[in-house]
Each structure stands twice: as C-alpha cells, then as structure tokens.
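Have a look at the structure below, then the notes.
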Amino acid sequence: MLFKILSKDGFRSLVEIILQSNEIIAPKKIGTKADGDPIHQFLPVTSFEEMDLDYRTTEYSAKTYFLPYRENLCTFDFEADDWEQKIAYRMQPRAIIGLRAFDINALTKLDKVFSKGRFPSPYYISRRKNTFIVGIDREPLEDEFCQSIGADIVTHGFDLFMTDLGDRYFVAVDSDRGFNLLNRVDVREVTDEDTQAYKEVRKRIQNGFKTKINLSNLPNLLDLEFTSEVWKKWGDKCLSCGSCAMVCPTCYCYGVSEEVSMDFKEGARVKQLYSCNLLDFARVAGGHNFRPDQETRLKYRYYHQHRGFLEDYDEPKCVGCNRCGRVCLAGISPAAVIRDLYEENV
Ligand code: SF4
Ligand code: SF4
Numbered sequence: 343m344l345f346k347i348l349s350k351d352g353f354r355s356l357v358e359i360i361l362q363s364n365e366i367i368a369p370k371k372i373g374t375k376a377d378g379d380p381i382h383q384f385l386p387v388t389s390f391e392e393m394d395l396d397y398r399t400t401e402y403s404a405k406t407y408f409l410p411y412r413e414n415l416c417t418f419d420f421e422a423d424d425w426e427q428k429i430a431y432r433m434q435p436r437a438i439i440g441l442r443a444f445d446i447n448a449l450t451k452l453d454k455v456f457s458k459g460r461f462p463s464p465y466y467i468s469r470r471k472n473t474f475i476v477g478i479d480r481e482p483l484e485d486e487f488c489q490s491i492g493a494d495i496v497t498h499g500f501d502l503f504m505t506d507l508g509d510r511y512f513v514a515v516d517s518d519r520g521f522n523l524l525n526r527v528d529v530r531e532v533t534d535e536d537t538q539a540y541k542e543v544r545k546r547i548q549n550g551f552k553t554k555i556n557l558s559n560l561p562n563l564l565d566l567e568f569t570s571e572v573w574k575k576w577g578d579k580c581l582s583c584g585s586c587a588m589v590c591p592t593c594y595c596y597g598v599s600e601e602v603s604m605d606f607k608e609g610a611r612v613k614q615l616y617s618c619n620l621l622d623f624a625r626v627a628g629g630h631n632f633r634p635d636q637e638t639r640l641k642y643r644y645y646h647q648h649r650g651f652l653e654d655y656d657e658p659k660c661v662g663c664n665r666c667g668r669v670c671l672a673g674i675s676p677a678a679v680i681r682d683l684y685e686e687n688v
C-alpha cells in the first residue's frame, strides 16, 4: 500500500476535478431527527459544499448504487410474430466519496458474489469498475460492532482512503487511477510526523468502539442452537417488514419477474431486491411456504449472515454497521440476538 499526504485544499481540488466530467455521490444532509441529530444519505452532489464528510452514519448504505432495488435486466419489443431483446448495462464513470471502512468491506463481499462468484453479473461489474471510491476513516457510533467482526479496517476495494489529521489527510492509495488523480493536486510524501499523527488518530478511532460482541466460534454455535428458544423469542417480535435487508450493505437476495405492457408491444425482465424476512420469501409454486413463521425467517437471515456465507467465502457477510438494528421497529439487533445465543449456550 502506498501512502501520501493530501492538503485540505488539495482534496477540494480533487473533488472539483472529478466533478468537471463525472457524477459524484457523497453523504449529504437531508434533514434533522426529532432529537436534533442530522439525517444523511448517499446522494449525487453537484458541489464540494454539498458533501458532509463529518456525517456519523447514513440510514441506507450505498449498496443501491451497485445493486439497485429495482432494475430492468432487459427489455423486449414485440413486433408482429417477432421480438427484439435489448440489454444495457454500460454506464458512465462516477465517484462515491465518503464511504466508511465497513461499507467498502461490504462491497468487497458483494464482489465475491457478483464479480468473482460462479455467476458473475455484468450489471454489477460494470457499476463497480466504473465507480471511483474514496473512503474516509472516522469515529464509530456507539452501536456499531464492526471491530468485533473485523470490518473496521479496510485494506482493498477502494481507490483512495483518507484519514483526517486535522489540517491534512493521510491517504492510502490502492489503484493506479487513484495515484494518477492524486498527482494532479497538492500532494506530498509522508513524513515521520505524519505517520505518528496517523497512528494517534487510528488509536482514537479504535478505542471509540463501545459495542463489542464475542463472535468466536459463532458458526458452530449457530449449528448447536438451531432449535434454540432464542429464535422464537426474537422471531415473535419480528414484524416481517424486510427493512433490515433493505438498509443492509451486504443483503443481496432478489427476485426476477417478467412484465408485459397491456398492449403486448413491450416487456421487461425486472430484478428486485427482496428480504428473507418477508412472508412469501420461501413460498413456491403450489402455495407451499418453506418458512411460514417469523421465527424461521429471522433465523435464516442470521444463518446466511454468519454461517452460510462463511462456508462459501471464509468470512461472515455482516460487517457490523448495525443499520439493521437501528431501523428495526421491533428492537431486534444482531448484538442482542448473538449475545442471547451465547448466553443460551452457557
Ligand atoms: S428484524 Fe426488524 S427490520 Fe427485520 S423484518 Fe423483522 S421487524 Fe422488520
Ligand atoms: S449489522 Fe445488520 S445491516 Fe449491518 S451488515 Fe450486519 S446484518 Fe447488515
């Protein structure tokens, strides 16, 4: 990994250079909660001032820019007895600025499924390859448990990753395009003093993690506790709304359907993200539902996050952002459920 020092003015110039010819998506303040806390989302910005890199979190992750909630995989035009299929997945290069380490780690997990898996998706690959990623380090929220799951530090999957040292950024460079862009602005080599300042900021961030969960041996524990009362306890609370999967940066289950216009002249094959907590997720032709109750559906979401994905890719799917815990109206959070499982086992 290559490191550089970027001045604050240099960063502004870098953003302005990108904006000259590309779209930028960044954390943007969109409102204020009743308690006065700001609400941020990843949205397109048109100026440096619109970005707010001091954001604490976003309700939704930036997943939607790689896996949209709804997209046409192809469209059809019907003409007499013939038909023509159109597929479009090429896109203009763009940048996403301000992703935290766990959100970049979430993307590298999606890469394993959609870029390097058995069935690569050209739609996902096109979006990923054409997106310049600039990440930023910062103090965690109290309920984030990414440190426990090893997703608080990122080593790849981005172009540039910045740590704010007050009057300058300590920048990790992980791609040629990141290196080339950086060389167009006010950048210099790292000194011992910069390295020392960086270590101090990193230490402060590391010490900021308040939610710690014991995840050792969790896959085995999940096997042991398959019929545990813990699933009923939390399942009974679940409203089957699916919000947890929608805000999650790594949930990617989806359904595909075909739609035809009323005049039979056009059609589309539509992909839509889905949630394993929704009532009909495991319903099959004939009406049988393999997971008819909330308890089973909730359980399988946890098994995919912490057991099934690990079996395929040697790492859990969850990155510990706790967006699902924050959005859940029933008060269900991974930290609470996993702690319950460990206590049950004791
Ligand atoms: S766990 Fe919470 S957010 Fe997820 S489906 Fe159940 S009620 Fe909705
Ligand atoms: S904490 Fe929840 S939202 Fe975040 S990655 Fe894990 S399962 Fe997804």
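Converting from the sequence shown to our numbering requires adding 342 to each position, the first position being numbered 1.
Glycine included, every Cβ here is placed at the ideal spot set by N, Cα and C.
Note that the structure is a prediction, hence the values are computed from the model and not measured.
- Buried or exposed: where does HIS648 fall if 16 or more other Cβ atoms within 10 Å of its Cβ makes it buried? Taking every protein chain shown into account, the CB of HIS648 has 16 or more other CB atoms within 10 angstroms, so this residue is buried.
- Query: Three-state secondary structure (DSSP) at SER349?
  - Reply: In this structure, SER349 counts as strand in the three-state DSSP scheme.
- Roughly how many angstroms lie between the CA atoms of GLY550 and SER389, to the nearest whole one? Straight-line Cα distance between these residues: approximately 31 Å.
- Task: Throw me the rounded Cβ distance for the ALA404 and ILE372 pair, which I believe falls under 8 Å.
- Result: Not a contact, Cβ separation roughly 15 Å.
- Message: Please state the DSSP three-state secondary structure of ASN556.
- Response: When secondary structure is reduced to three states using DSSP, ASN556 falls in the coil class, being assigned neither helix nor strand.
- Query: Does DSSP put VAL626 in a helix, in a strand, or in coil?
  - Reply: In the three-state DSSP reduction, VAL626 falls in the coil class, being neither helix nor strand.
- Using only the heavy atoms of ligand 2, determine whether one of them is closer than 6 Å to the beta carbon of PRO561. No, the beta carbon of PRO561 sits no closer than 6 Å to any heavy atom of ligand 2.
- Query: In whole angstroms, what is the alpha-carbon distance linking ASP396 and GLY609?
  - Reply: If I take the Cα positions, the gap works out to 44 Å.
- Query: Just the Cα atoms here: how many angstroms apart are CYS583 and ILE438?
  - Reply: The C-alpha of ILE438 is placed about 29 Å away from the C-alpha of CYS583.
- Item | Inter-residue spacing [alpha-carbon to alpha-carbon] between ARG668 and LYS579 | Going by C-alpha positions, ARG668 is about 15 Å away from LYS579.
- Message: By alpha-carbon positions, which one of LYS607, ALA672, PHE420, LEU361 ends up nearest to MET393?
- Response: Ranking the options by Cα distance to MET393, first place goes to LEU361.
- Message: Quick check on TYR644: does DSSP put it in helix, strand or coil?
- Response: Secondary structure at TYR644: helix, using DSSP grouped into helix, strand and coil.
- Task: Would you be able to state if there are at least three C-beta pairs under 8 Å between the stretch 446 to 459 and the stretch 622 to 637?
- Result: Judged by Cβ distances under 8 Å, the stretch 622 to 637 makes no contact with the stretch 446 to 459, as fewer than three pairs qualify.
- Can you grab the Cα-Cα spacing for the pair VAL382 / SER558, in whole Å? According to the sequence displayed, residue 382 carries His and not Val. Taking the straight line joining both Cα atoms gives about 33 Å.
- Query: Taking the continuous beta strand (DSSP E) assigned at LEU385, which residues delimit it?
  - Reply: Looking at the DSSP string, the run of the beta strand (DSSP E) that includes LEU385 is 380 to 387.
- Task: Give me the Cα-Cα distance between VAL513 and SER349, rounded to the nearest whole angstrom.
- Result: The alpha-carbon separation between VAL513 and SER349 amounts to approximately 10 Å.
- Excluding the five sequence neighbours on either side, which residues of its own chain have a C-beta within less than 7 Å of the C-beta of TRP576, listed in chain order? Within the same chain, Cβ atoms closer than 7 Å to the Cβ of TRP576 are found at LEU640, ILE674, VAL679, the five residues on either side in sequence being excluded.
- Message: Shorter than 6 Å, the distance from the beta carbon of CYS586 to the closest heavy atom of ligand 1, or not?
- Response: A distance criterion of 6 Å places the beta-carbon of CYS586 in contact range of ligand 1, judged by its closest non-hydrogen atom.
- Task: Give a yes or no on whether the C-beta atoms belonging to ILE475 and PHE500 are separated by under 7 Å.
- Result: In contact: ILE475 and PHE500 (Cβ atoms closer than 7 Å).
- Alpha carbon to alpha carbon, what distance is there between PHE420 and PHE606? In this structure, the alpha-carbon of PHE606 lies about 7 Å from that of PHE420.
- Enumerate in chain order the residues of its own chain whose CB-to-CB distance from GLY440 is below 6 Å, with the five nearest sequence positions on each side excluded. Around GLY440: ALA368, PRO369, LEU395, ILE478.
- Message: Are the CB atoms of ALA677 and PHE487 within a distance shorter than 7 Å?
- Response: Yes. Within cutoff.
- If you follow the alpha helix (DSSP H) that ASN522 is part of, which residue opens it and which one closes it? Taken as a continuous stretch (DSSP letters only), the alpha helix (DSSP H) holding ASN522 covers 518 to 524.
- Task: State buried or exposed for ILE429, treating a residue as buried only when at least 16 other CB atoms are found within 10 Å of its CB.
- Result: ILE429 counts as exposed, since fewer than 16 other C-beta atoms from the protein chains shown sit within 10 angstroms of its C-beta.
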